[in-house]
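As structure tokens, the structure follows; a few thoughts come after it.
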Amino acid sequence: MNRVPADSDVLNSTLKEEAQLSRNVKVAAKDLGPEHTDVALSLMDLGDFYFREERFVDSAESFRRAIDIYEALGEGHQMLAAMAMRSLSAVLMLQGKYAEGQVMNRNARILIQSYQ
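The sequence shown maps to residues 4 to 119 in our numbering.
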């Protein structure tokens with residue numbers, strides 16, 4: 004028999020997912036150092052989670068931190084930085100920050116073109 008999940012089940016599941024994603028960021032930073040690709044990828048996962056939950060301020064913060072890491076890592080990380088910038092651009096647009104979102108999208112496009 005299939006049961007419809009109660010609101011409390013959904014909330015519980017959401018809280019567990021957020022806790023796991025946050026833990027992934029912390030563990031990666033502790034084990035690999037704060038400026039490692041795995042930390043940035045974990046931040047991207049966390050930002051995507053916040054985006055799905057419509058927690059746009061938290062999402063933007065996660066994407067910004069990922070961008071900072073990719074930029075610090077430099078050469079060879081342009082495409083990952085561009086992906087994070089595109090994600091941040093979408094968040095900014097949804098927050099009504101159109102000019103900032105357009106700039107972020109343009110920066111991502113420039114990075115992609117420089118990589119090719």
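Don't be surprised by glycine CBs; every beta carbon is placed ideally from N, CA and C.
Predicted model only: the values in this text are computed from it and were never measured.
Minimum C-alpha distance to residue i - residue among the options
i    : options              : result
M47  : R67, M107, E20       : R67
H39  : E20, L83, F59        : L83
S16  : G77, R112, Y101, E56 : E56
R109 : Q119, L97, P37, M88  : M88
Enclosing alpha helix (DSSP H) for residue i [first to last residue]
i   : result
G99 : From DSSP, G99 is part of no alpha helix (DSSP H); its letter is neither H nor E.
R67 : 59 to 76
G79 : Premise fails: G79 is in no alpha helix (DSSP H) and is neither H nor E.
G2  : Nothing about residue 2 can be reported from this structure: the residues present for the chain run from 4 to 119 only.
Beta-carbon spacing of residue i, residue j below 7 Å
i    : j    : result
L49  : V28  : yes
D61  : Y73  : no
G104 : L95  : yes
S90  : M107 : no
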